[in-house]
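**Student:** What follows is a structure written as structure tokens; I'll ask about it next.
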Amino acid sequence: MELNGKLKITVLYDAIEDREKARATAKGDDFALTYKSVAKALEERGHKVSLLAAGTDLRSLVTTIARDESELVFNLCESLGGVAQHEQHVVALLELMGKQFTGSSALGLTLAQDKALSKTLLHYHGIRYPKFTVLREQPGEWTSDLDFPLFVKPLNQDGSVGIDRNSIVNDFGELKERVSFVHNECGSPALVEEYIEGREIYVGILGNETAGVLPILEWDFSAVPDHLPKIASAEAKWDKESPEYKAPQVFPTDIPEEVVTRIRQVSLDAFRALRVRDYARVDMRLRPPGRRTPRGPSDKWEYFIIEANPNPHLDPKGELALAAREQGLNYPDLVNRIVDLAVERG
Ligand SMILES: Nc1ncnc2c1ncn2[C@@H]1O[C@H](COP(=O)(O)OP(=O)(O)OP(=O)(O)O)[C@@H](O)[C@H]1O
Ligand SMILES: [Mg+2]
5 MELNGKLKIT VLYDAIEDRE KARATAKGDD FALTYKSVAK ALEERGHKVS LLAAGTDLRS
65 LVTTIARDES ELVFNLCESL GGVAQHEQHV VALLELMGKQ FTGSSALGLT LAQDKALSKT
125 LLHYHGIRYP KFTVLREQPG EWTSDLDFPL FVKPLNQDGS VGIDRNSIVN DFGELKERVS
185 FVHNECGSPA LVEEYIEGRE IYVGILGNET AGVLPILEWD FSAVPDHLPK IASAEAKWDK
245 ESPEYKAPQV FPTDIPEEVV TRIRQVSLDA FRALRVRDYA RVDMRLRPPG RRTPRGPSDK
305 WEYFIIEANP NPHLDPKGEL ALAAREQGLN YPDLVNRIVD LAVERG
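What follows is the structure, given as structure tokens:
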């Protein structure tokens, strides 16, 4: 396939997005359809674009992919039928059917999807993450060496599903309550991590062998009142009236240069360790000197990987697009760079 040539590209997305859009519109709410922005960005560069809404009728999905005549699939499926755990299965189907597509393989998506599995890989590579344990059942007593406060979340969700102002727990009673919530309301094992008090940092990555790190973006919760947790909770992501939602996203200038260099390197290390391809967003917590830690005060800048997103939200207003823009890549540049990366690696 010719690089920089005009391609036939199919933009693949979870059909549920159209239903969610219709529901939001009926309520008078906004709902951005990322696939439309991506399609427009591709058309602007002369590619011939088709849309494919992936539905849960698998026979029909397989038939449609088999008939698809595109040279490249631009994969935007973060789920199938809204089920996040199926994002890797959609890609597995593309692999089995011999389609070339943008973004991570089924393996990369699988490794990152399970946040405990990813941490065991990060551990092997000496990359720092919050100490954690996985609770598949309610514990009778607390014998773990993790120190409170703890952070309780579903093992394998995204979009801050099951993460809200009650995710931070201060004692065993609160922990049990939250673990029940994650088991019963989210239908997932509970991932329990030490809570990292600190700043919310996102590191975008673009590339493969010669991957580049985009400017570090911070969701600056410093003006959020102290009685609310300064985290990217569901309230922060979805409740427009909340102080967390209103917190600005900025490009921080006060992080020492050597700390920025290490954050960039560790993000790349995580990207490689988890077999991510083409693009990603690494979510981190950065603890400046003087902050509370479970084992007393620390006088160092410390950073912890929360997760690597191999299939991050690709909306023009999303963190990856903001970071790309800061580096001089506008949205169509970013989208088309992803196409070039997929074509280059073949
Ligand atoms: N151990 C932790 N300490 C402090 N904050 C945490 C911790 N784990 C998660 N958070 C907060 O919760 C947010 C969401 O966590 P996480 O990224 O694991 O969830 P997610 O649902 O996969 O999010 P998304 O896919 O939208 O990025 C983090 O960005 C961070 O603000
Ligand atoms: Mg995250």
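If you count the sequence shown from 1, you need to add 4 to reach the numbering used here.
All C-beta atoms in this analysis are idealised placements derived from N, C-alpha and C, irrespective of residue type, glycine included.
Just so you know, these numbers come straight off a predicted model, no measurement behind them.
1. Relative to ligand 2, is the shortest distance from any of its heavy atoms to the C-beta of N313 smaller than 8 Å?
2. Mapping DSSP to helix, strand and coil, what is S171?
3. Determine the closest residue to A325 out of V77, A227, G208 and Q269, with distance taken between C-alpha atoms.
4. Relative to the C-alpha of P153, which candidate in V53, D162 and K135 has its C-alpha closest?
5. Is any heavy atom of ligand 1 found at a distance shorter than 8 Å from the C-beta of P260?
6. In this structure, how does DSSP classify F225 when only helix, strand and coil are distinguished?
7. D282 to G216, Cα distance in whole Å?
8. Would you check if there are 3 or more beta carbon pairs closer than 8 Å linking the stretch 27-47 to the stretch 328-343?
9. Give the secondary structure of E99 by DSSP, where H, G and I count as helix, E and B as strand, and everything else as coil.
10. Under the rule that 16 or more other beta-carbon atoms within 10 Å means buried, what is S122, buried or exposed?
11. Is any heavy atom of ligand 2 found at a distance shorter than 8 Å from the C-beta of I310?
12. Going by the CB atoms, is the gap between Q117 and L76 shorter than 9 Å?
13. In the DSSP output, what is K31 paired with across the bridge?
14. Quick one, which of T68, H129 and E21 has its alpha-carbon nearest L84's?
15. Please report the straight-line C-alpha distance between R296 and E201, rounded to a whole angstrom.
16. Quick one: Cα of S192 to Cα of L139, how far?
17. Suppose only complete runs of 3+ residues qualify. What are the beta strand (DSSP E) ranges in the stretch 243-303, listed by chain order?
18. On the DSSP letters alone, give me the boundaries of the beta strand (DSSP E) that N313 sits inside.
19. Mark R63 as exposed unless 16 or more other C-beta atoms lie within 10 angstroms of its C-beta, in which case mark it buried.
20. Which whole-angstrom value is the C-beta distance of A312 and L278, which I expect to be below 8 Å?
21. Is the shortest distance between the beta-carbon of P256 and the beta-carbons of chain B less than 9 Å?
22. Are P314 and V280 touching if we call contact CB-CB under 9 Å?
23. What residue range is occupied by the uninterrupted beta strand (DSSP E) comprising V138?
24. Tell me which same chain residues have a C-beta within less than 7 Å of the C-beta of F225, skipping the five on either side of it?
25. On a CA-only basis, which of N79, V286 and G50 is nearest E222? Give me that one, please.
26. Once you ignore the five residues that flank N212 on each side, which residues in its own chain have a CB closer than 8 Å to its CB?
27. Alpha carbon to alpha carbon, how far is H187 from W146? Give it in angstroms, no decimals.
**Tutor:** The answer reads as follows:
1. As a first step, residue 313 must be located in the sequence shown, where it is residue number 309. Within the cutoff, so yes.
2. Locating residue 171 in the sequence shown gives position 167, where the first residue counts as 1. In the structure shown, S171 sits in coil (DSSP, three-state: anything other than H, G, I, E or B).
3. For the purposes of this step, residue 325 is identified with residue 321 of the sequence shown, where counting begins at 1. Per the Cα distances, G208.
4. Looking up residue 153 in the sequence shown gives position 149. Among V53, D162 and K135, the Cα nearest to that of P153 belongs to K135.
5. As a position in the sequence shown, residue 260 is number 256, starting the count at 1. Checking every heavy atom of ligand 1 against the Cβ of P260, none is found closer than 8 Å.
6. For the purposes of this step, residue 225 is taken as the residue at position 221 of the sequence shown. In this structure, F225 counts as coil in the three-state DSSP scheme.
7. For the purposes of this step, residue 282 is identified with residue 278 of the sequence shown, where counting begins at 1. For the purposes of this step, residue 216 is identified with residue 212 of the sequence shown, where counting begins at 1. Roughly 10 Å separates the two Cα atoms.
8. yes
9. Here residue 99 corresponds to residue number 95 of the sequence shown, with the count starting at 1. In the structure shown, E99 sits in a helix (DSSP, three-state: H, G or I).
10. Along the sequence shown, one-based indexing puts residue 122 at 118. Buried, because 16 or more other Cβ atoms sit within 10 Å of the Cβ of S122.
11. The residue labelled residue 310 in the question sits at position 306 within the sequence shown. Within the cutoff, so yes.
12. To locate residue 76, count along the sequence shown from 1; it is residue 72. To locate residue 117, count along the sequence shown from 1; it is residue 113. No, the Cβ-Cβ distance between L76 and Q117 is not below 9 Å.
13. Looking up residue 31 in the sequence shown gives position 27. For K31, which the question treats as bridged, DSSP gives no partner whatsoever.
14. Translated into positions along the sequence shown, residue 84 becomes position 80. The residue with the shortest Cα to Cα distance from L84 is E21.
15. Position 292 of the sequence shown, counting from 1, holds the residue named residue 296. Position 197 of the sequence shown, counting from 1, holds the residue named residue 201. Each residue's alpha carbon lies about 7 Å from the other.
16. Along the sequence shown, one-based indexing puts residue 192 at 188. Along the sequence shown, one-based indexing puts residue 139 at 135. One C-alpha to the other measures close to 10 Å.
17. 283-291
18. Within the sequence shown, residue 313 is the residue found at index 309, counting from 1. Its beta strand (DSSP E) spans residues E306 to N313.
19. Reading the sequence shown from its first residue, position 59 is the one you call residue 63. Classification of R63: exposed, given that the 10 Å Cβ count is below 16.
20. Sequence index remark: in the sequence shown, residue 312 carries index 308 (1-based). Sequence index remark: in the sequence shown, residue 278 carries index 274 (1-based). At roughly 5 Å, the Cβ-Cβ gap stays under 8 Å, so A312 and L278 are in contact.
21. This model lacks chain B altogether; it includes just one protein chain.
22. For this step, residue 314 is matched to residue 310 along the sequence shown. For this step, residue 280 is matched to residue 276 along the sequence shown. Taking 9 Å as the Cβ cut-off, P314 and V280 qualify as a contacting pair.
23. Counting from one through the sequence shown, the residue named residue 138 turns up at place 134. Its beta strand (DSSP E) spans residues F136 to L139.
24. The residue labelled residue 225 in the question sits at position 221 within the sequence shown. Closer than 7 Å at Cβ, skipping near neighbours: E204, K234, E248 and A251.
25. One-based indexing of the sequence shown puts residue 222 at position 218. Answer by Cα proximity: V286.
26. What you label residue 212 is simply residue 208 of the sequence shown in a count that begins at 1. Contacts found: R281, D282, L345, E348 and R349.
27. Taking the sequence shown and counting its residues from 1, the one referred to as residue 146 is at position 142. Taking the sequence shown and counting its residues from 1, the one referred to as residue 187 is at position 183. Approximately 18 Å between the Cα atoms of the pair.
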